[in-house]
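Enquirer: I'd like to ask you about the structure that follows.
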Amino acid sequence: MLNDDMVMDLTVDDQVPARTERPDSPEQLAEALQAAAAAAEKVVPIGGGRLLGLGNPPARFDVALSTRGLNRIVEFSPADLVVSVEAGVTLEELDAELSRAGMCLPLDPPAGPGHTVGGVLASAMSGPLALRFGRSREFVIGLRVALPDGRLVASGGRVVKNVSGYDMNKLHQGALGTLGVMVAASFKVFPRPLAELTLESQPEDPWAEAERALRLPQQPVALELDSAGGLLARFWGTQEGVARMHRELGWQETAAGRWESRGARGAGWAETVWAWLSVPRAQLRLVLDGLPAGARWLASPGLGVAHWLGALGLPELRSARTAAESTGGTLVLVAAPRSLKDEFDAWGAPPPNLDWMQRLRTAFDHQHTLSPGRFVV
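Sequential numbering from 28 applies to the sequence shown in our numbering.
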């Protein structure tokens, strides 16, 4: 059990839980979840708390179920390129362990540090490194999940060759904990680069320059464009390889720490409103050009993703969502005042497979114990 001060830190859309549980093992978490379900309590799973504003306000919030007690690295096999960890391990803790063996897990969500493994997977939010490595779904190879009936179920495996259960791995990611609480995950990991280089530029035509960078023989592992026209590119490889891309691109070298400062919590990410835009890559510029004059955003041109930050109003958000959805994309609220969320759904137009999603939700959590109201279903 956490003290009252820590409970206040777990406020979700102005709602404070009646109590908070912090189990120390997957089994304890499953028992706590089963007990809450039996008592008809509504539970919000919480990891590092970095993305608690994502989604709609919970319909009820009785129990905050923290995963931070699940903080063990279960198994790490550098030879097999696999690591298995509990869901409350932070990305920083995991990176420290992997780095000792020359490995890394290329997850770099914004608004860090402090993201837990489970929280990142539940939100399915990725960062600029997705340009090279894809989103987390590409390298999660196994999950262990606690269900409201007290069961602990597993999918996938701890070896890269084993892809059984892969669909279940995908389903839990991005479901915001509504299908179960992830208690452990296994990942494919990657060798750290022999050399790394970060370059920046402030060109006259940043979109054309971004495309030039994306067409290089050795594409950047990450590329960002900000609303002021600044470009930041990250290259991994051999010393000779990254030096060659530096010469071809001709941008100025800058500190690798620029990536952490741009994506850090408090460096704009705690604004009144944070909207997450995801559209077809070819449509990203058109959608961003349609935002109000002076809009502040940070985009990944190679991914079709942008984060729009500021004191955003209802008319501007509605207009931007209409534009995004007209391209087949989405605008999702990651953070906003409760008053705005009461008028503007966090997720937007219902997906075409909504009926299937509702049936799936009922199959896993028929009482809607987990995060009721927060997700699409």
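Every residue, glycine too, gets a C-beta built ideally from N, C-alpha and C.
What are the boundary residues of the beta strand (DSSP E) that includes ASP183?
Expert: Working through the sequence shown from its first residue, we reach residue 183 at position 156. The question names Asp, yet the displayed sequence has Gly at residue 183. Start and end: 179-183.
Enquirer: Counting C-beta neighbours from all protein chains within 10 Å, is the total for PRO44 16 or more, i.e. buried, or is it exposed?
Expert: Mapped onto the sequence shown, residue 44 falls at position 17. Buried, since its Cβ has 16 or more Cβ neighbours within 10 Å.
Enquirer: Under the rule that 16 or more other beta-carbon atoms within 10 Å means buried, what is GLN200, buried or exposed?
Expert: Taking the first residue of the sequence shown as 1, we reach residue 200 at position 173. Counting Cβ neighbours within 10 Å, GLN200 comes out buried, since at least 16 surround it.
Enquirer: Restricting to runs no shorter than 3 residues, where is the beta strand (DSSP E) found entirely within the segment 98-181?
Expert: List check, beta strand (DSSP E) in window: 100-104, 109-113 and 167-173.
Enquirer: Please list, in chain order, all residues of the same chain as GLU405 whose beta carbon is under 6 Å from its beta carbon, the five residues on each side excluded.
Expert: This structure leaves residue 405 out entirely; the chain is present only between 28 and 404.
Enquirer: Should THR410 and PHE402 be called a contact, given that it needs their Cβ atoms to be closer than 8 Å?
Expert: Nothing can be reported for residue 410: it is not among the residues displayed for the chain, which extend from 28 to 404.
Enquirer: Pull the bridge partners of MET209 from the DSSP assignment, please.
Expert: In the sequence shown, residue 209 corresponds to position 182, counting from 1. BP columns for MET209 point to VAL172.
Enquirer: Here's a check: name, in chain order, each residue in its chain whose Cβ is nearer than 6 Å to the Cβ of ALA376, leaving out the five neighbours to either side.
Expert: Indexing the sequence shown from 1 puts residue 376 at position 349. Counting only Cβ-Cβ distances below 6 Å, and skipping sequence neighbours, we find GLU352.
Enquirer: Between PRO233 and the rest of its own chain, which residues show a CB-CB distance below 7 Å, the 5 nearest in sequence each way excluded?
Expert: Within the sequence shown, residue 233 is the residue found at index 206, counting from 1. For PRO233, where only same-chain residues beyond five positions count, the Cβ hits under 7 Å are LEU252, GLY256 and LEU258.
Enquirer: Buried or exposed, going by whether 16 or more other CB atoms sit within 10 Å of the CB of GLU370?
Expert: As a first step, residue 370 is located in the sequence shown; it is residue number 343 there, counting from the start. So GLU370 counts as exposed.
Enquirer: Going by DSSP in three states, ARG365 sits in which element: helix, strand or coil?
Expert: As a first step, residue 365 must be located in the sequence shown, where it is residue number 338. Reduced to three states, the DSSP call for ARG365 is helix.
Enquirer: At 3 residues or longer, and completely inside the segment 262-337: list those beta strand (DSSP E) runs for me, N to C.
Expert: Correct list: 279-281, 300-305, 323-327 and 332-337.
Enquirer: Going by Cα to Cα distance, which pick from SER163, VAL144, VAL269 and PRO218 is closest to LEU121?
Expert: Residue mapping note: residue 121 aligns to position 94 of the sequence shown, counting from 1. Checked all of SER163, VAL144, VAL269 and PRO218; the closest Cα to LEU121 is VAL144.
Enquirer: Helix, strand or coil: which one does DSSP assign to ARG46?
Expert: Counted from its first residue, the sequence shown places residue 46 at position 19. Strand.
Enquirer: For LEU259, which residues does DSSP report across the bridge?
Expert: Here the question's residue 259 lines up with position 232 in the sequence shown. LEU259 is bridged to GLU227 and GLU251.
Enquirer: By Cβ distance below 7 Å, which residues in the same chain neighbour THR265 in space, the five residues on each side in sequence not counted?
Expert: As a position in the sequence shown, residue 265 is number 238, starting the count at 1. Within the same chain, THR265 has close Cβ partners LEU221 and ALA222.
Enquirer: Within the chosen definition, does the segment 161-175 reach the segment 207-218 through at least 3 CB pairs nearer than 8 Å?
Expert: These segments touch.
Enquirer: Just confirm the distance between the C-beta atoms of LEU156 and GLY329, as a whole number of angstroms; I'd bet it's less than 8 Å.
Expert: Numbered from 1 along the sequence shown, position 129 holds the residue referred to as residue 156. Numbered from 1 along the sequence shown, position 302 holds the residue referred to as residue 329. Going by Cβ atoms, the distance from LEU156 to GLY329 rounds to 11 Å, so no, they are not a contact pair.
Enquirer: I'd like the list of long-range same chain contacts for ASP51, defined as Cβ closer than 7 Å, with 5 residues on each side in sequence excluded.
Expert: For the purposes of this step, residue 51 is identified with residue 24 of the sequence shown, where counting begins at 1. So the list reads GLY96, once near-sequence residues are dropped.
Enquirer: State the beta-bridge partners of LYS215 as determined by DSSP.
Expert: Numbered from 1 along the sequence shown, position 188 holds the residue referred to as residue 215. LYS215 is bridged to VAL109.
Enquirer: So, helix, strand or coil for GLY221, using DSSP?
Expert: Your numbering for residue 221 matches position 194 in the sequence shown. Sequence inspection shows Leu at residue 221; the Gly mentioned does not correspond to that position. Coil, per DSSP.
Enquirer: By how many angstroms is the C-alpha of VAL110 removed from the C-alpha of SER104?
Expert: The residue you call residue 104 lines up with position 77 of the sequence shown. The residue you call residue 110 lines up with position 83 of the sequence shown. The straight-line gap from Cα to Cα measures roughly 6 Å.
Enquirer: Pop quiz: LEU81 and ILE73 are said to be a contact at Cβ under 8 Å. What is the actual Cβ separation, rounded to whole angstroms?
Expert: Residue numbering aside, residue 81 sits at position 54 when the sequence shown is read from its first letter. Residue numbering aside, residue 73 sits at position 46 when the sequence shown is read from its first letter. No, LEU81 and ILE73 are not in contact; Cβ-Cβ is about 12 Å, not under 8 Å.
Enquirer: Residue range of the alpha helix (DSSP H) that ALA91 falls in?
Expert: Your numbering for residue 91 matches position 64 in the sequence shown. It is not in any alpha helix (DSSP H) - ALA91 instead sits in the beta strand (DSSP E) that spans 90-93.
Enquirer: Quick check: is any heavy atom of the ligand GTP less than 7 Å from the C-beta of ARG386?
Expert: For the ligand GTP, the structure offers nothing, since it holds no ligand at all.
Enquirer: Under the three-state reduction of DSSP, which class applies to THR399: helix, strand or coil?
Expert: Walking along the sequence shown from the start, residue 399 turns up at place 372. Note on identity: in this sequence residue 399 is Pro, with Thr being the wrong assignment. Correct three-state label for PRO399: coil.
Enquirer: Considering just the uninterrupted stretch of the beta strand (DSSP E) at PRO53, what are its terminal residues?
Expert: Sequence index remark: in the sequence shown, residue 53 carries index 26 (1-based). Not the beta strand (DSSP E): PRO53 falls in the alpha helix (DSSP H), residues 53-65.
Enquirer: Determine the direct distance from the alpha carbon of ALA237 to that of ALA373, and round the result to whole angstroms.
Expert: Taking the first residue of the sequence shown as 1, we reach residue 373 at position 346. Taking the first residue of the sequence shown as 1, we reach residue 237 at position 210. The alpha-carbon atoms of ALA373 and ALA237 are separated by roughly 30 Å.
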